[in-house]
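What follows is a set of notes on a single structure, which appears directly below.
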Amino acid sequence: MDHESRVGCSRLLTVPAYSAFSLILAAFRGRDTTVAVIRWIVLAQFFEIAILFLFYDRYLLMALPFSLVPIVIANGIRRPVRTIGAAAIFLAVGMTGVHDHLEYNRSQWDAVASLRSEGIAASEIDGGYVVNGWLQYAHPEDARRDARGDVVVPRVNSL
Amino acid sequence: MGKARIRLAIPAAGFAALAVFFLTCANCTERHADLHWIVNTPANRTRNLLNGFLLLYKQAPLTAISMAGILGFWLLPVGLGAFRKTDFRRAAWIFAALFAIMAGLVWGDGTFHLRWQSIPLGAPGNSGRPSRL
Chain A
1 MDHESRVGCS RLLTVPAYSA FSLILAAFRG RDTTVAVIRW IVLAQFFEIA ILFLFYDRYL
61 LMALPFSLVP IVIANGIRRP VRTIGAAAIF LAVGMTGVHD HLEYNRSQWD AVASLRSEGI
121 AASEIDGGYV VNGWLQYAHP EDARRDARGD VVVPRVNSL
Chain B
1001 MGKARIRLAI PAAGFAALAV FFLTCANCTE RHADLHWIVN TPANRTRNLL NGFLLLYKQA
1061 PLTAISMAGI LGFWLLPVGL GAFRKTDFRR AAWIFAALFA IMAGLVWGDG TFHLRWQSIP
1121 LGAPGNSGRP SRL
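In the order they appear, the protein sequences are chains A and B.
Each residue of the first sequence is one higher than the last, beginning at 1 in the working numbering.
Each residue of the second sequence is one higher than the last, beginning at 1001 in the working numbering.
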C-alpha cells in the first residue's frame, strides 16, 4: 500500500473512530464515584500527553483501560456479538501485523549478519533507525565521527 | 483485612512492584547509550517541560483529536457493543466539537503540523548541541 492509500485509509477511519470516541465520552457522566475518579485520571492523562507531546499511539495506550471502564459501567456490553466480532477482526489484523513486523525484523538482521560476516564495518551499513541505532549509536566506538568528533549516525542523529 | 485496606493494598502493591523494577532495571539493560542526541528522550522532554505549559493552548486541541482518532479506533469494538440510543445526542455534540477542532487545525494556522522538535523555546540543556534532526 503506497503512502497516498495509507493516508486515504486513515482519513476514512476518522469518522468511525471519532464516533466511537464520542460515544465513549458521552458515557463519562453521572455521580458514580468510580466514574468520577476515572474522569480525573483521564483528564490528568490528557494534560500529560499535551504537555509532554506524547502523540505516538503507544503513549495513548495508558488511557485505553480508563477510557472504556465508564461506558462498561454505565451501559454494559449490550451487544456482545458485535463487540466480540469486531475484537476478533482487530485481533486478526493485529496478529498479522505483528507477524509481518517480526519477519521484517528477522530478514533485516539476517541481512546485517550477512554483511558483517563478509567483513563490512558497522559504520558502512545503513539499515535504518533500529539497526543504525544499535550498531552505531549504542556502540559509538563503531560509528563515524564528524570534524568535531561527535558521532554521526544516519537516521538517528543525522539525515 | 477489611475491604478498604484491600483496596489500598492493591495499588500499594503495584507501586512497590514498580519501585523494585526501577531499582533493579539497570541490570536488565544490555548497554547504556548516551541519549544526548536523541531529541525525544524522556530527559529532553523533561528539560523542555516549559514548552509544554507555554504551548498548552495549541497542544490541547491537537491532543483532543489525537486521542479521538487513536483511542476511538481502538475502542470501536466496545463502542459498537455498548452504545445506547440515549447517548446519541450527547455523543453527536462531542463528535461535532471534535470535527470542528480538526477542521480548525487543518485549515488554521499550521498547528496541526507542530512537533515537539520544531519548537524553539526552552531546552537550555540542548542549546550548546542542537539536534540534527
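Positions of the beta carbon are idealized from the N, C-alpha and C atoms, including for glycine.
Contact residues of the region 112-135 of chain A toward chain B are Gly133 and Trp134 (C-beta to C-beta distance below 9 Å). Within the region 1003-1018 of chain B, contact with chain A at the beta-carbon level (separation under 9 Å) is assigned to no residue. In the three-state DSSP reduction, B:Arg1045 falls in the helix class (H, G or I).
The C-beta of A:Val93 comes no closer than 8 Å to any C-beta of chain B. Looking at the DSSP output, A:Ser158 shares a beta bridge with A:Pro154.
Look at A:Arg106 here: in three-state DSSP terms it is helix. In this chain, the alpha helix (DSSP H) harbouring B:Trp1074 covers Leu1056 to Trp1074.
A contact between stretches requires three or more CB pairs, one per stretch, nearer than 8 Å, and the region 37-45 of chain A fails this requirement with the region 76-95 of chain A.
In this structure, A:Phe21 and B:Leu1071 form a Cβ contact; the two beta carbons are roughly 6 Å apart against a cut-off of 8 Å. The region 64-136 of chain A is shown to contain no whole beta strand (DSSP E) run of 3 or more residues.
B:Arg1007 sits in a helix when the DSSP states are folded into three classes. In this structure, B:Phe1095 sits near A:Tyr18, with a CB-CB distance shorter than 8 Å.
According to the DSSP assignment, A:Glu48 belongs to the alpha helix (DSSP H) that extends over Thr33 to Ile51. In the DSSP assignment, A:Asp57 falls within the unbroken alpha helix (DSSP H) covering Asp57 to Leu60.
Sequence-ordered contacts of the region 59-73 of chain A with chain B read Leu60, Leu61, Ala63, Leu64, Ser67, Leu68, Ile71 and Val72 [C-beta pairs closer than 9 Å]. Closest option to A:Ile71, judged by alpha-carbon separation, among A:Ile24, A:Arg31 and A:Tyr56: A:Ile24.
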